[in-house]
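Below you'll find the structure, written out as structure tokens, and then a few comments.
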């Protein structure tokens, strides 16, 4: 990727992250970048949201995991 | 490439799941948590399953619309600063294009939106998802938040509802039941209905709302289950659709029938104005449609949205367009059958409305509609041109000959006269254009164009097109007044200076009305004997010769040659037994444009007056001739000497009788003549002169001339009411002529007598046989006596007849209406001689 494209990509990501903060989505930068990449590939955003929600539910339903030994 | 993508996708998904599950903001130490491997795998499988199900999104991929809805949501939540910064960010985001940027921006935005909404919802309790579907986000969120706070300490245990003794729970149950009820009843959702109504308002049938030709309206068919209130509301809103159909139908009809020339320019202007209004209306509908799309209905059940545009909101939006559309529909109804000026007039009537909205609307429509009309007026008034293909103007022209151009060439068509142009104004407009045409056609004059441009400059408008509009009736009046003033003045100038109208009138007075006394005298003298012949033996050439010589020997020779050329001899239609006296008349030849004033009928009137005056003159001439004979001269005085006593006394008596009768007749004729010449002709002429001076335009002039003629006719006993009087007058005249004949014979006899007696005294030689002179003095005396006796008898008869006729005449005179005839009576009877004779009067 040439530096110009890299710069554009970085700025887009930054803007998206800020928008996501305003909207209080609770997504961090890395997750957001993955999501953006998936959207760009043409996946249905509604489906992605379902996935996100699912995981969020799973996260909130399961008790906060104790610092277990990393796998 | 596909596989590559697939692999990339799977990797990314895995990464995503990992990240999501390890991300836990509530962890106290904020360290990355390692998730359960089973959890991870489960999640991953679930994710793949969902993502490969190829669900398509339920909304259109429009990034701008999504951004708008996000902004709006932020704004309605009161976070307007956030909304502004979001807007800013979005602008920058959207402007990033090219390599390395995001292609499906809409997807990203949509994602963010749903995720944030989901988060909000999941922070509230689960029950809030079952709230009323038609409530706005506001209520729901507030309600949700409040409920959340209130129930903060309650806690949920595996979704079991804890029933407690507080009123909110009851409310919850009630809400739930209601929601179920609504879901049952509403087969058709409100958004769909709103969209259908919007289609109906453009005349298009929607999915559920269709146009029913029987009921003549847009209806929701009965088979759809909709609550009654919704049905009524839909019906009300679709009235707008019905009105719209009507207006649009009219416009398309007019445009179609334009080639067949049923719709005139005014109708076209109306259509154009209506179409402009309709395009405004379309604009409104477009805005409403974007509103209806927004916020977008979502797939995720947990985040419902209230539609911004409900039926009720729609009815509020439609209030103003409904009023306007109703006005337009009413106009369309009234104007379907009208054309031209009538259409403008009826629209003007509609504009007389108290409501300022209606008034303004109608005024703007009228301004457009009247512009072709005003243009026509302007052209007519400044150039005299009628361009009226569809006969919409209130002035119509008819092709007539040049003479009757003024009187009958143009007239007002009152049906097409719009109501904001008053009758006097219309008359003035008609007259101005007529004058221009008259000048152009009959007078061959070009100067009116200058007058027109001057008028336009003075009125402040230009002579170009389209400088006048409705609502400026004052300006129009101004223009018309200026143009009328100038053109009339110009026309009168042309009439007076170029065509010498005044001079011609004067000439007619002098020749046809016998004003030029010496000329008449000569004429009478020369053609007197000629006219006593039977009419069919007289040649008009000879008479023309006499006329010419009469002109030359009188003061008339100094008159203008052009005028003299027009005086001609005219032999009227003769019947058998007519003498020349009956058919002779003079005529005056008036050419264009003067024959507008001196039409055929006018000339016929003049001829009648001429005949009367000519007869009067003839009688006067006869009497004067008689006087000449009756002058005392040596012949008659000689006869006194020669004759014998009895005869002498007889002669004296006869002579005296003759003289007395002559006196009476002369008195009558002189006074009548005086009355006619001075009290009738001169007075009328001076009145007419004054009116000519003060005439403003040709109509005034025509009226003045007619008045002049009428007054002459009335006063000189030629009118309808004076018919019996007129007859008796003519009998009198005949009598006078007979008298003249008698006098001539009498005096001839006397001269004969005289001659005989003088001859007898002079010559005592033998006389030619057969003459009675030779019989001697006695016979002479006897003859003379007989002759004189006869004469005396006849004169006596004449005298008696004369007196009786005069009495009849005088008795009828005071009965006449006209006041001037009383003066005639006064003159004739100023000594009351006649009234004394018949004291019964």
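Protein chains in written order, with the working numbering: chain A, 5 to 75; chain B, 2 to 842.
Even glycine gets a Cβ: it sits at the ideal position worked out from N, Cα and C.
Return yes when the C-beta of residue 479 of chain B is under 7 Å from any heavy atom of the ligand FAD, and no when it is not.
The ligand FAD is absent from the structure shown, which contains no ligand whatsoever.
Under a three-way DSSP split, which group does residue 13 of chain B fall into?
helix
Check each candidate in B/802, B/19, B/816, B/611 and name the one with the smallest Cα separation from residue 572 of chain B.
B/611
Of the residues B/270, B/663, B/17, which one's Cα is nearest the Cα of residue 46 of chain B?
B/17
Test item: CB-CB of residue 344 of chain B and residue 242 of chain B under 8 Å:
Against a cut-off of 8 Å, the Cβ pair of residue 242 of chain B and residue 344 of chain B comes out as no contact.
When we look at the beta-carbon of residue 679 of chain B and count the other beta-carbons within 10 Å, is it buried (16 or more) or exposed?
Residue 679 of chain B is exposed by the Cβ-count criterion.
Leaving out five residues before and five after residue 413 of chain B in sequence, what residues of the same chain have Cβ atoms less than 7 Å from its Cβ?
395, 396, 427, 431
Can you pull the chain B neighbours of residue 65 of chain A, defined as C-beta to C-beta under 9 Å?
The contacting residues do not exist; residue 65 of chain A stays about 10 Å from chain B at best.
With DSSP run on the structure shown, which of helix, strand or coil describes residue 568 of chain B?
strand
Helix, strand or coil at residue 89 of chain B [DSSP, three-state]
helix
Just confirm the distance between the C-beta atoms of residue 336 of chain B and residue 271 of chain B, as a whole number of angstroms; I'd bet it's less than 8 Å.
Your pair residue 336 of chain B and residue 271 of chain B checks out as a contact, with CB atoms roughly 6 Å apart and the cut at 8 Å.
With 8 Å as the threshold, decide whether the Cβ of residue 44 of chain B is near any Cβ in chain A.
yes
CA-to-CA distance, residue 692 of chain B to residue 620 of chain B, given in whole angstroms:
34 Å
Residue burial classification, residue 538 of chain B (beta-carbon count within 10 angstroms, cutoff 16):
exposed
Inter-residue Cα distance where the pair is residue 444 of chain B and residue 360 of chain B
47 Å
Using beta carbons (cut-off 8 Å, strictly below), is residue 66 of chain B in contact with chain A?
no
Which stretch, first to last residue, makes up the alpha helix (DSSP H) that contains residue 601 of chain B?
Taken as a continuous stretch (DSSP letters only), the alpha helix (DSSP H) holding residue 601 of chain B covers 601 to 631.
Can you pull the chain A neighbours of residue 48 of chain B, defined as C-beta to C-beta under 7 Å?
Within 7 Å of the CB of residue 48 of chain B, the CB atoms of chain A belong to 55, in sequence order along the chain.
Give every residue of the same chain whose Cβ lies closer than 6 Å to the Cβ of residue 524 of chain B, excluding the five residues on either side of it in the sequence, and list them in chain order.
551
Quick one, which of A/15, A/27, A/19 has its alpha-carbon nearest residue 121 of chain B's?
A/27
Per-residue burial, residue 629 of chain B [other beta carbons within 10 Å of its own, 16 or more giving buried]
Under the 10 Å beta carbon count, residue 629 of chain B is surrounded by fewer than 16 other beta carbons and is classified as exposed.
Does the separation of the CB atoms of residue 662 of chain B and residue 799 of chain B fall below 8 Å?
yes
Please state whether DSSP places residue 540 of chain B in a helix, a strand or coil.
coil
Strand pairing of residue 397 of chain B, partner residues [DSSP]:
In DSSP, residue 397 of chain B forms a bridge with B/412.
Would you call residue 7 of chain B buried or exposed, if buried means 16 or more other Cβ atoms sit within 10 Å of its Cβ?
exposed
Identified DSSP bridge partners for residue 870 of chain B
What is shown of chain B runs 2 to 842, which leaves residue 870 of chain B out entirely.
State yes or no: is the beta carbon of residue 117 of chain B nearer than 8 Å to at least one beta carbon in chain A?
yes
What do you get for residue 373 of chain B, buried or exposed, if any count of 16 or more other CB atoms within 10 angstroms of its CB means buried?
buried
Does the beta carbon of residue 376 of chain B come closer than 8 Å to any beta carbon on chain A?
no
Do you know how far the Cα of residue 535 of chain B is from the Cα of residue 702 of chain B?
41 Å
Buried versus exposed call for residue 668 of chain B [16 or more other C-beta atoms within 10 Å across all chains shown]:
Classification of residue 668 of chain B: exposed, given that the 10 Å Cβ count is below 16.
Start-to-end residues for the beta strand (DSSP E) that takes in residue 588 of chain B:
585 to 589
Using a Cβ-Cβ cutoff of less than 6 Å, which residues in the same chain neighbour residue 366 of chain B once the five nearest sequence positions on both sides are dropped?
Take residue 366 of chain B, set aside five residues on each side of it, and the residues of its chain with a beta-carbon closer than 6 Å to its own are 274, in chain order.
Thinking C-alpha only, which one of B/487, B/563, B/559 is nearest residue 451 of chain B?
B/487
Proximal chain A residues relative to residue 348 of chain B, where beta-carbon distance stays under 7 Å:
Residues of chain A passing the Cβ test: none, with the nearest at roughly 55 Å.
DSSP three-state call for residue 11 of chain A: helix, strand or coil?
helix
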